[in-house]
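As structure tokens, the structure follows; a few thoughts come after it.
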Amino acid sequence: MLPLQDNIPARQFPFVNYIFIAMCTVVFLLQLAVPEGQPTLVEQFGMIPARVQRPDVPVEIPVAQQQVMTEHGPEMQLITKQAAPSPVPAIMTMLTCIFLHGGWMHFIGNMWFLHIFGDNVEDRFGHFGYAMFYLTCGVAASVFHYLSDPASVVPTIGASGAIAGVMGAYLIWYPTAQVKALIPLGYLMQVMLVPAPLFLGIWFVMQAVNVFSAGAGGVAWWAHIGGFLTGLILAFILGNTPLTNPVNTARESVSEGTYRYRRAE
Numbered sequence: 000m001l002p003l004q005d006n007i008p009a010r011q012f013p014f015v016n017y018i019f020i021a022m023c024t025v026v027f028l029l030q031l032a033v034p035e036g037q038p039t040l041v042e043q044f045g046m047i048p049a050r051v052q053r054p055d056v057p058v059e060i061p062v063a064q065q066q067v068m069t070e071h072g073p074e075m076q077l078i079t080k081q082a083a084p085s086p087v088p089a090i091m092t093m094l095t096c097i098f099l100h101g102g103w104m105h106f107i108g109n110m111w112f113l114h115i116f117g118d119n120v121e122d123r124f125g126h127f128g129y130a131m132f133y134l135t136c137g138v139a140a141s142v143f144h145y146l147s148d149p150a151s152v153v154p155t156i157g158a159s160g161a162i163a164g165v166m167g168a169y170l171i172w173y174p175t176a177q178v179k180a181l182i183p184l185g186y187l188m189q190v191m192l193v194p195a196p197l198f199l200g201i202w203f204v205m206q207a208v209n210v211f212s213a214g215a216g217g218v219a220w221w222a223h224i225g226g227f228l229t230g231l232i233l234a235f236i237l238g239n240t241p242l243t244n245p246v247n248t249a250r251e252s253v254s255e256g257t258y259r260y261r262r263a264e
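Residue numbers (numbering that gives the first Met the number 0): 0 to 264.
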């Protein structure tokens with residue numbers, strides 16, 4: 000499911016949310032601009048659990064796989080290289096990693112989810128509070144991922160954990176909201192109004208299932224779960240305190256629809 004719109008209007012311009020989107024955009028463009036053969040921003044500022052665990056020890060990171068012939072036939076061999084030193088303390092990469100992304104789809108998907116759900120959470124927290132909340136969820140997500148495999152040498156990057164925290168807070172604060180979502184049904188793309196708890200609940204269950212799925216490697220699922228739970232708990236604790244603004248009870252009208260598309264063969 001792809002969220003297209005929710006029915007909660009923002010009462011104030013979410014400029015902190017857009018600042019985070021702009022920061023991720025600038026960093027991603029800088030990632031693309033690094034000349035081939037030079038140390039990448041991922042290896043310098045990505046969170047490598049093994050480096051966080053032992054900052055004084057150089058770490059070998061995987062960069063590619065190649066097929067080699069052995070006495071047992073062709074086998075895939077992992078190619079590694081020594082990661083470039085990080086310009087910041089290893090512990091700080093738990094924060095810097097949340098502004099990096101692994102490709103266009105990773106980047107666009109994360110920024111779209113942040114655009115859909117972030118404005119309403121900023122509305123409740125206020126600008127400064129939202130900034131602190133977002134960064135806290137991002138670091139908490141990194142901690143969850145680190146604890147899941149402290150010896151991992153694979154760099155961890157992405158804003159997904161912080162955005163998962165935003166989604167957790169949205170679930171607590173807007174349980175009656177509806178999300179306009181694009182849902183593929185066979186050869187049709189159905190635009191449906193989905194209750195926010197159902198949409199976010201399905202998303203969370205998918206993360207939990209993937210944690211225990213043998214074929215779901217390459218994604219920091221524990222970071223998603225950790226960020227979501229952190230956002231949910233913080234929203235639950237702070238929701239009725241002077242640190243947050245009252246709930247916005249206004250709703251916008253959103254429509255459904257069905258669209259045909261042709262699947263790629």
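For each residue, glycine too, the CB sits at the ideal point set by N, CA and C.
For clarity, every value in this text was computed on a predicted model and none was experimentally measured.
For the pair G36 and C136, the CB atoms are not nearer than the 7 Å cut-off. If you keep only unbroken alpha helix (DSSP H) runs of at least 4 residues inside the segment 73 to 127, you get 92 to 95, 103 to 124. In this structure, DSSP gives A180 an extended state, which the three-state scheme calls strand. DSSP, reduced to helix, strand and coil, places E35 outside both helices and strands of the structure shown, so it counts as coil. Between the segment 2 to 9 and the segment 179 to 186 there are three or more inter-stretch CB-CB distances shorter than 8 Å, so the stretches are counted as touching.
Around the Cβ of D55, a 10 Å sphere holds fewer than 16 other Cβ atoms; the residue is exposed. Within the segment 180 to 246, the complete alpha helix (DSSP H) runs of at least 4 residues fall at 195 to 210, 220 to 237. Beta-carbon to beta-carbon, P48 and A161 are separated by about 18 Å, too far to satisfy the 8 Å threshold.
In summary, W103 is exposed, with fewer than 16 beta-carbon neighbours lying within 10 Å of its beta-carbon over all protein chains present. With fewer than three CB-CB distances shorter than 8 Å, the segment 182 to 198 does not count as touching the segment 207 to 226.
Here the C-alpha atom of A163 lies approximately 32 Å from the C-alpha atom of K80. Per DSSP, reduced to three states, the secondary structure at M46 is strand. Each of F132, V51, V190, N244 was checked against the Cα of F227, and the nearest Cα belongs to F132. Between the C-alpha atoms of F12 and E59 there is a straight-line separation of about 44 Å.
Judged by DSSP in its simplified three-state form, T248 adopts coil rather than helix or strand.
With respect to the 7 Å criterion, M91 and V138 are not classified as neighbours on the basis of their beta carbons. Nearest neighbour of L134 by Cα position, chosen from V193, R50, A158, turns out to be A158. Here V62 carries a strand assignment [DSSP, helix/strand/coil].
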